[in-house]
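First comes the structure, then the notes that go with it.
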Ligand code: ARG
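Residue numbers (the numbering used here): 542 to 825.
Here it is in structure tokens:
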């Protein structure tokens, strides 16, 4: 597979997105979502990422799989290796063959985790520098992160998530560059907070008020950061660090427990992942 400097991202159009079950505290079938508005919000994200120079792969949406739109959960990408998710809930397990086919067609080598382990891909495992920061409890198992770290030969730091509203790591933590990340302290226990402070040079703290609007769930392309609108304090902190912040509206996806970042999977390595910047592809 070829490697270029342009960001490459997997997305899946929101044609069949909706609230058809409840597997996190944000989802409410009675309340539902506005499908037209969701499509418009998805389209704005797609257009914004294209304008930032990203090349977007599109996965065909599938009726009956309303959460296929959240491609961050497809799996974890590491060089030419793809570790497919093992979803905790049966309602999302039907997504796996579609993500798997995409990864195979794209030329990735698939490395499946043992069946007994739950692992929700880039939703719960994010590189910052050389280290894989890994959230567990609500979706992924801590064992899965040990397995992934060992298999990839990278240091993996499991972090327990303690607030069910922040059930995936990408809802409360976002690496933006090697050594720089944003996080919401309330989603972690004391130990997790100390690990993050110890391992990341510049940790930008997000307030509880801004964290509930999913502002940690950001997409980073170069020095630009796309996130949900309504987080002026975080936006100002990121601008001070030299990033361009692009707030967009994600109200319909937040009703499903997701926002900007969940709607994307970075195929060529996140900006904050050191391996993206190292030319060589190790064999796994
Ligand atoms: N409704 C989806 C679920 O609960 C939302 C997934 C959000 N994805 C993420 N990477 N945080 O599984």
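All residues carry an ideal CB built from backbone N, CA and C; glycine is no exception.
Going straight from the alpha carbon of residue i to that of residue j, what length do you get?
i	j	result
residue 662	residue 579	23 angstroms
residue 615	residue 778	31 angstroms
residue 544	residue 809	A caution first: residue 544 carries a pLDDT of 45, below 50, which makes its placement in the model too unreliable to give a value.
residue 678	residue 775	27 angstroms
residue 594	residue 797	28 angstroms
residue 548	residue 771	26 angstroms
residue 555	residue 590	16 angstroms
residue 666	residue 577	31 angstroms
residue 659	residue 786	33 angstroms
residue 724	residue 714	4 angstroms
residue 573	residue 743	38 angstroms
residue 635	residue 606	7 angstroms
residue 692	residue 722	25 angstroms
residue 780	residue 710	23 angstroms
residue 689	residue 655	10 angstroms
residue 759	residue 622	24 angstroms
Does the ligand ARG have even one heavy atom less than 7 angstroms from the beta-carbon of residue i?
i	result
residue 712	yes
residue 552	no
residue 798	yes
residue 620	no
residue 565	yes
residue 570	no
residue 611	yes
residue 614	yes
residue 803	yes
residue 608	yes
residue 686	no
residue 709	yes
residue 532	Because the chain is modelled from 542 through 825, residue 532 falls outside the range shown and cannot be assessed.
residue 585	no
residue 826	It is not possible to answer for residue 826, since the shown part of the chain is limited to 542 through 825.
Could you have a look at residue i and say whether DSSP puts it in helix, strand or coil?
i	result
residue 723	strand
residue 773	helix
residue 664	helix
residue 631	helix
residue 597	strand
residue 587	helix
residue 753	coil
residue 745	strand
residue 716	strand
residue 701	strand
residue 638	helix
Using a 10 Å radius around the Cβ and a threshold of 16 neighbouring Cβ atoms, would you call residue i buried or exposed?
i	result
residue 587	buried
residue 599	exposed
residue 648	exposed
residue 732	exposed
residue 601	exposed
residue 608	buried
residue 612	buried
residue 728	buried
residue 670	buried
residue 696	exposed
residue 651	exposed
residue 620	buried
residue 581	exposed
Report back the beta-carbon spacing between residue i and residue j to the nearest angstrom; my notes put them in contact at under 8 angstroms.
i	j	result
residue 705	residue 813	Not really, about 26 angstroms apart at Cβ, beyond 8 angstroms.
residue 567	residue 668	That belief does not hold up - the Cβ atoms of residue 567 and residue 668 are roughly 26 angstroms apart, past 8 angstroms.
Is there a C-beta anywhere in chain C that falls below 8 angstroms from the one on residue i?
i	result
residue 559	This model lacks chain C altogether; it includes just one protein chain.
Please find out if some non-hydrogen atom of the ligand ZN comes closer than 7 angstroms to the beta-carbon of residue i.
i	result
residue 724	Questions concerning the ligand ZN fall outside what the structure shown contains, since the ligands it does hold are the ligand ARG.
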